[in-house]
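Below is one structure, written out as C-alpha cells, with a few remarks after it.
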Amino acid sequence: MEGSPELRKIQRPLETRGIPKDIPNSEIFVRAHWDILLSILERHWSELRKVKSRYPKGPRTTLERAEKFFERTHRYLVSLTQCDIPPPELQFLPFSKQLARSTLIFSTVVSSLAGVLFYVTLAAHTRGILSQGETVLLLLPACSLLYLPIPLHRRTRINMEHSCRYLREGGKGHIVIGDVREGMFISFCAHEMAHHFLRERGRGGGLWEEGWARWIQLRVSEALSREYSVDALTPSLTLLLGELKEALMLARGGRPIPAWVRKVKSPFHTGAFTRWVKGEPSHSRERLFVHALGTAAFALLNEFRGDDIFKEFIGDKKPYPQL
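Taking the working numbering, the leading residue of the sequence shown gets -17, the next gets one more, and so forth.
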C-alpha cells in the first residue's frame, strides 16, 4: 500500500529534515485500524466536553509548587515505565511579570499613537479640511490600533506558555518551563519528562518519540489532576484530539468523515486571519503530520496492548515497535 497523496507530497522534505522514513508504514497502520482510532477520538472528545472551560483555570505555578509537581511527575513515570532514570534539571522561568510589563508598555505606546491620530483627524474635521466620510476612514485605523494589543498579548502569552522544551547540555537533560497555570505545568512537564526518559535510554526517534510522549502526557495529567485537584487534562486533551483528528483526515483513504469529527475543535485547524484575530501562533504542516501519525499509531498500540506498551517501548532495543 502506498501513502496518501498529501503524505507523498511532503515525504521528500520530511526525509531531508531527518524525520524517520517509517512514516508511510505508520500511515498504513493507522489506515488499517481507522475505525478503532475513530472510536478512540470519540471517547476522549467526550472527556473534553465535560470540561466547562477550554482554558485551564487556577493559580500560576510558584517555584515551590513547580518543584513538587516536577518530582511527582518523575516518580509517576518511573512507576509507569519501570525504569529508574534520574530526573532532569528544572529551569523555572517566571515570565508572567515580563509579559505584563511588555503588554503595558506596548499598550501605552499604541494608545498614545491612536490618541494623536484621533486628535489630528477630529481637528481637521472641525476646521472643515476633512469631510465626514474622510474622517470616518481615518478614524478606523485608530480604532484598529486600540485593538492591536489584545491579539499581541494573547500570541505572546501562548508562545511563552509553549516555550516549554527539553534540552541536553553537557550530557544532562534540562526542562525549561515558565510559571504557567498549574494544570498546564503538569501537562507540559509530563510531555518533556517523557522525552527525557527516551533520550536517557537512547530511544529518541521522531515519530515514535512524539507519540509516546503525548500518551505519557495524558496518563500523567489524568493521575495528577485527581491527586492535586487541578485541570491538567484540558491542555493534554486539546493537543491530543487535534493530532488524532489530523491523523484521521490524513489516513482516511477515501472514507467519509463523520460530521461530529469536523466539530472536534483543534488548535491546528485555523486560517491565517483567524490566527491573527485570536493571537494564535502558526503551525508547521510537516511537523504536524509527524506528531499526528505518531500519536495515532501509539493510540492504537496502547489500545491493543494496554499500558504495558510504555514499558515495552522504552525497554525495547529495536528502533520502532513492530506494527
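Here a beta-carbon is modelled for each residue, glycine too, at the ideal position from N, C-alpha and C.
Owing to the predicted nature of the structure, the values given are computational and were not obtained by experimental measurement.
- Beta-carbon to beta-carbon, P41 and E164 are separated by about 6 Å, close enough to satisfy the 8 Å threshold.
- Within its own chain, the residues whose Cβ lies closer than 8 Å to the Cβ of I291, once the five positions on either side in sequence are excluded, are F280, L283, N284 and P303, listed in chain order.
- By the neighbour-count definition (other C-beta atoms within 10 Å, threshold 16), T108 is an exposed residue.
- For F74, the beta-bridge partners assigned by DSSP are I159.
- Cβ atoms of H173 and A205 stay farther apart than 8 Å, at about 14 Å.
- By a beta-carbon distance limit of 8 Å, L270 does not contact V12. Their separation comes to about 14 Å.
- The Cβ atoms of I159 and L222 lie no closer than 9 Å to each other.
- Between R25 and the set R267, G115, V118 and K227, the nearest pair of CA atoms involves K227.
- C-alpha of P123 to C-alpha of S84: approximately 22 Å in a straight line.
- DSSP places L149 inside the beta strand (DSSP E), whose first and last residues are R147 to E151.
- S8 is classed as buried because its beta carbon has at least 16 other beta carbons within 10 Å across all chains shown.
- In the three-state reduction of the DSSP assignment, K154 falls in the strand class, which pools E and B.
- Non-local beta-carbon contacts of Q73 in its own chain, meaning distances under 6 Å to residues more than five positions away in sequence, involve H156 and V158 in chain order.
- Under the criterion of beta carbons closer than 8 Å, L230 and L19 qualify as touching, at roughly 6 Å.
- Taken in chain order, the complete beta strand (DSSP E) segments of 3 residues or longer contained in the stretch 41 to 104 are 71 to 75.
- With a contact defined as Cβ atoms closer than 8 Å, W27 and V246 qualify at about 5 Å.
- When C-alpha distances from E294 are compared across R267, V91 and W190, the shortest belongs to W190.
- Shown here, A14 sits in a helix according to DSSP, grouped into three states.
- For K227, the three-state secondary structure derived from DSSP is helix.
- One thing to note: A233 has its Cβ no nearer than 9 Å to the Cβ of A176.
- In this chain, the alpha helix (DSSP H) harbouring A274 covers R267 to R287.
- Fewer than three beta-carbon pairs drawn from the stretch 118 to 133 and the stretch 60 to 73 are found closer than 8 Å, and the two stretches are therefore not classed as touching.
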